[in-house]
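Chains as they are written, first to last, in my numbering: chain A, 255 to 518; chain B, 1254 to 1480.
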């Protein structure tokens, strides 16, 4: 492969540098898109972002090793992450594996699992009574958001793309809290290794370009609940759009719009 | 759906992913005890091992950059979700697992703090006073990578080093660094750009593009000049 890629200009390198170290505000984000488009750089959203994010991480580690901290991950947070991680990692498992329960394990395994569950329940109850580390589930968060007067709820509409016509559900978004969720039913399952869904939030009052709302996977065509991870502040979204992108998402999408939720 | 996915797959495979590639000349983490490949295969047992190995690292990055413990807790949880999801994309030929994890975590922390409209950066202007050993659980290859980066950082002149430190460790916007240090904004941008290009080069990352004129991405940066 000897094809030469275009030389990157200093403004683009500066924007990549700032993105890797401090993040970008809305204006700089727009400038990055424009510079990337001018330089024919089609993807800035992959892990490396041309290596700048990796370089910044390496410097962070080098200096971090020079001044090792004394803080440790809090235990309640660790429990929470393990719970979330177990579910997330289970979804990564290849679907061709034997279904759970088809080959019963040894009896001690069942007992140890039960004991672990009891311990976890005890821990959670303790946390609940002490008020430490207990957070509402995503479904509870959605219910809390929906109970607020200033929460926007928009219905999804599958667009004219094969397989997406029957997608239903809604978007729940609150400007004040900058928090929201997508409820989706009938979204075709994607192969996370090849493509991921990406949410775009259209807010014409802030920018002509949509805001990246995060990438996610549909592991089943039943109802899924997905938190919105807006990369930038969104003050008055006019529409939410789903596209299918390369793993990790992109900065600028050229893919077809698949599902739309828009103000009437 | 299948047709659309197939078309999208073709389109994506033809897309340049930014071209970030690592040189195979540098020692890299062996995949023997890497955890992300296990997570990518759905090994739930690797989740706790991953937290044991990287939990404190991600927590410290978040605490340093966002300060507030509650906000840090939220972004750390989100960061680990991102790490699990990114696990299939980890390639030990491209970076050590620790650097990859730190990169994903930094991105989530920075995005999280932007979305939450914080903040006053927590990092002080003071330089770190001592070089300590890397955490003992670091594997040899990772320690080697850290040592090489530390070596490169030590070649920086004091002002560029301080500028880069505020940007990387404190997450300070370029404009704020310029104001605090009384430097022209262009000089700050130049210091950071040149330093990151040199670090990128030291790591062996390249994007197939030469740096702009005057941006020497050589392992040594002790030339002191600015663009």
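For every residue, glycine included, the Cβ atom is placed at its ideal position computed from N, Cα and C.
None of these values were measured; they are calculated from a predicted model.
The beta carbon of residue 1306/B does not come within 9 Å of any beta carbon belonging to chain A, so the residue lies off that interface.
Inclusion of residue 395/A and residue 1304/B in the CB contact set at 9 Å is not warranted, their separation being larger than that value. Against chain B, a Cβ distance below 7 Å from residue 336/A picks out 1300, 1301, 1304. Taking residue 485/A as the centre and dropping the five residues before and after it, the same chain places the C-beta of 465, 466 closer than 7 Å to its C-beta, in chain order. Secondary structure at residue 515/A: strand, using DSSP grouped into helix, strand and coil. Shortest Cα-Cα distance from residue 504/A to any of 469/A, 457/A, 405/A involves 469/A. Taken in chain order, the region 436-499 of chain A contains no complete alpha helix (DSSP H) segment of 4 residues or longer. Close partners of residue 306/A in chain B (Cβ separation under 8 Å): 1449, 1453. For residue 1416/B, no beta strand (DSSP E) encloses it; the enclosing alpha helix (DSSP H) starts and ends at 1411-1421. Under the 9 Å criterion on CB atoms, residue 480/A is classed as non-interfacial with respect to chain B. Closest option to residue 418/A, judged by alpha-carbon separation, among 306/A, 274/A, 392/A, 472/A: 472/A.
Checking the DSSP bridge columns, you'll see residue 433/A partnered with 428/A. Pairing residue 315/A with residue 1310/B gives a Cβ-Cβ distance under 9 Å. In the three-state DSSP reduction, residue 411/A falls in the strand class (E or B). Nearest to residue 339/A by C-alpha distance, out of 1341/B, 1340/B, 1333/B, 1339/B, is 1333/B. Interface residue (Cβ-Cβ distance to chain B less than 9 Å): residue 275/A is classified as such. Proximity of chain B to residue 511/A at the Cβ level (cut-off 9 Å) is not reached, the minimal Cβ distance being about 12 Å. Chain order gives the chain B residues near residue 314/A as 1314, 1355, 1359, 1421, 1422, where near means a beta carbon separation below 8 Å. In chain A, no part has a C-beta under 7 Å from the C-beta of residue 1432/B; the shortest such distance is about 14 Å. Rounded to whole angstroms, the Cβ separation of residue 343/A and residue 1297/B is 5 Å, and the two are in contact under 8 Å. In this structure residue 1352/B does not touch residue 310/A by the C-beta definition: roughly 10 Å separates them, more than the 8 Å allowed.
Scanning 516/A, 492/A, 496/A, 278/A for the CA closest to the CA of residue 1366/B turns up 278/A.
In the displayed model, residue 422/A falls within a strand according to three-state DSSP. Residue environment for residue 402/A: exposed (fewer than 16 other C-beta atoms within 10 angstroms of its C-beta). For residue 289/A, there are no C-beta contacts with chain B under 7 Å, since the nearest C-beta of that chain is about 13 Å from it. Against residue 326/A, the close residues of chain B are 1308, 1309, 1312, in the order they occur along the chain (beta-carbon pairs closer than 8 Å). Flagged as an interface residue toward chain B: residue 469/A, by a C-beta distance shorter than 9 Å.
Residues of the same chain with a CB within less than 8 Å of the CB of residue 444/A, apart from the 5 flanking positions on each side, are 450, 451, 471, 472, 498 in chain order.
In this structure, the beta-carbon distance from residue 440/A to residue 420/A falls below 9 Å.
Counting C-beta atoms within 10 angstroms of its own C-beta, residue 1442/B has 16 or more neighbours from the protein chains shown and is therefore classed as buried. Under the DSSP assignment, residue 1311/B falls in the alpha helix (DSSP H) whose first and last residues are 1298-1319.
The region 1337-1355 of chain B makes no contact with the region 277-294 of chain A: fewer than 3 CB pairs, one atom from each, lie closer than 8 Å. With respect to residue 1402/B, residue 329/A sits apart: the two C-beta atoms are not nearer than 9 Å. Residue pairing by DSSP places residue 405/A opposite 428/A in a beta bridge. DSSP places residue 1333/B in the helix class (H, G or I) of the three-state scheme.
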